[in-house]
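Below you'll find the structure, written out as structure tokens, and then a few comments.
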Amino acid sequence: MATNPPEPIRVWLTPPGPNSWKVIFLLEELGLNYVIKSFSFENVKKKPFTDINPNGRVPAIEDPNTDLTLWESGAIYQYLIKTYDTKRQLSHDAHKERHLESQWLHFQMSGQGPYYGQCGWFQHLHAEKIQSAIGRYANEIKRVISVLEGVLAAKDADKQWLVGDKMTYADMAFVPWNFRLAEVLNQSWDEVWDGAPRVRAWHEGMVGLPSWKRSMEIRARLMDEQGLQWNGVPKGVETFDQYEKDIAARAAAGEKK
Ligand SMILES: N[C@@H](CCC(=O)N[C@@H](CS)C(=O)NCC(=O)O)C(=O)O
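First residue of the sequence shown? That's 1 in UniProt numbering, and the numbers climb one at a time after it.
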């Protein structure tokens, strides 16, 4: 078990996006004492949240046990592991493995998250459909997955983890964005994993964990509280397609003013 803090760690999040669930997944897997400060995405660039994170992005944490406020999910991962994973449940002690875990986390932060995020944006939320932009990010996602596939394929069948022979925080960091892959690429679940059976098995093993299931149950409750469906579309709007049309219409109305 991890060393548990006496005071709950406060996690600031807006429920729809994937990045905050990366942190909740880790807190759940370590069984740490935490509390969620859920708020609306509309307020992410406003006070009081910008007093916590001047960059106006979630997640951010406040740990009263160490008097630390921290944002950027990768930095939060490293902090939680260093401070609370004292029994090395989700990390390694050895010098080499520690740096390999860090490498994969940096790859996730710079190579996975931003490309998936931009693909999702151009696929669904950008007012114009720019196929070349969607294509660029979709290709990069496929390339990132093929890098992971090659690495897992080179490992023994019983060591299908990025570092060493057990799941670490480095593996877990990839889960929330891969969980949204069908939506991001606008493809079926089978299509997104075409040519990547090992990455698929690695991912599906992690989303089967009770800690991930609990995280998604919490998300469903918080989305519901804000009148949102699981995919971020407000209740009452039937399809994502309709939601995209509404966004485009609002953008066009704004341009005319
Ligand atoms: N690199 C940041 C990215 C955080 C991020 O982009 N979060 C999204 C929600 S999933 C956000 O807050 N977006 C606010 C915005 O787009 O204004 C991290 O990993 O913490």
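Note that the Cβ used here is the ideal one computed from N, Cα and C, for glycine as well.
- Per the CB criterion, closer than 5 Å to any heavy atom of ligand 1, the qualifying residues run in chain order as Gly17, Asn19, Val44, Arg57, Val58, Glu72 and Ser73.
- At the C-beta level, valine 199 and asparagine 178 come within 9 Å of one another.
- The beta carbon of leucine 222 is closer than 6 Å to those of Pro15 and Ser38 in its chain, skipping five residues each way along the sequence.
- In this structure, the CA atom of isoleucine 141 is about 9 Å from the CA atom of leucine 181.
- Looking at the DSSP output, glutamate 62 shares a beta bridge with Arg10 and Thr69.
- Here leucine 181 is not bridged, per DSSP, to any residue.
- Between alanine 170 and tyrosine 84, the CB-CB gap reaches or exceeds 9 Å.
- The beta carbons of valine 163 and histidine 92 sit closer together than 9 Å.
- Here proline 210 is not bridged, per DSSP, to any residue.
- If you draw a straight line from the Cα of threonine 50 to the Cα of threonine 86, it comes to about 32 Å.
- Look at the segment 89-144 and you find these whole runs of alpha helix (DSSP H), each 4 residues long or longer: 95-107 and 113-120.
- By the 16-neighbour rule on beta-carbons within 10 angstroms, asparagine 4 is exposed.
- Here asparagine 43 is exposed: its Cβ has fewer than 16 other Cβ atoms, across all protein chains shown, within 10 Å.
- Alanine 60 has its alpha-carbon roughly 5 Å from the corresponding atom of tryptophan 12.
- Per the C-alpha coordinates, the member of Leu70, Glu128, Ser146 and Ser215 positioned closest to arginine 57 is Leu70.
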